[in-house]
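Heads up: the sequence shown begins at 17 in my numbering, then just goes up one per residue.
Heads up, the beta-carbon is just placed ideally off N, CA and C, and yes, glycines get one too.
Everything numeric in this text was worked out from a predicted model, so none of it was measured.
To keep things clear, I will list the structure first and then write my remarks on it.
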Amino acid sequence: MPQSCIALLLAHNTHVLICKHEQFGALVDEVKEMGFDPKKSTFVTAMRALCGKSSRSIWNRNREIYRRSWGWSEDDLVSAFRKNPQCMILSEKKIMQVMDFLVNKMGWSSRLIATCPVVLCFSLEKRIIPRCLVVKVLLMKGLVDEDLSLAYVLLPAENKFLERFVTRYTDQVPQLSSVYDGKLDIKDV
């Protein structure tokens, strides 16, 4: 394990380090068996998600939420966890709000979100909603393709998003900046 991962454990995940030696060894083995590389920070996050009774119960609760409420398969769950272990230790409220918005309001497939689980960790109010509303306006105006990927919309840094979706279309839709800033409802565009 590289020094950066050890530092991450020491700084933010000390509860992982204070478990009994046997438990720690079993946890390391379990995380390795799930396909995590001990040289990457996701290994530490996976250990955090699976360490201790409360973390394990949160992990199991979220597993059931993704399955029952959103139709994720076991493969979806494992894949999402491998890509972003943090998605399995979010609050139930956070999961439900983000999934509801992306699936029911934006129309993205629940299983598509499993392929890019980092979006579940983004702020709904500061990142997801403003960006999605801009995209919705552009879709309504026929300026972008309906097949925009979730990653293309939500992953880029803010300046890249603004360049791709706001600045680029300012001539056709001058109100986009106001929609993005939450000052204008999309119905008023």
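From the listed residues L154, I202, V169, the smallest Cα separation to L118 is found for V169. Segment contact: the segment 53-63 against the segment 84-94, fewer than three CB-CB distances shorter than 8 Å; contact not assigned. In the three-state reduction of the DSSP assignment, T186 falls in the coil class, being assigned neither a helical nor a strand state. Linking L164 to W124 through their CA atoms gives a straight-line distance of about 10 Å.
In the three-state DSSP reduction, L164 falls in the coil class, being neither helix nor strand.
The segment 186-203 and the segment 148-167 touch, with three or more beta-carbon pairs separated by less than 8 Å.
With the rule of 3 Cβ pairs closer than 8 Å, the segment 102-118 does not count as touching the segment 155-163. Within the same chain, Cβ atoms closer than 8 Å to the Cβ of C137 are found at N100, Q102, C103, L106, the five residues on either side in sequence being excluded. Excluding sequence positions up to five before and after L66, its CB lies within less than 8 Å of the CB of L43, E46, V47, R72, W75, all in the same chain and listed in chain order. Judged by their CB atoms, L166 and I129 are nearer to each other than the 9 Å cut-off.
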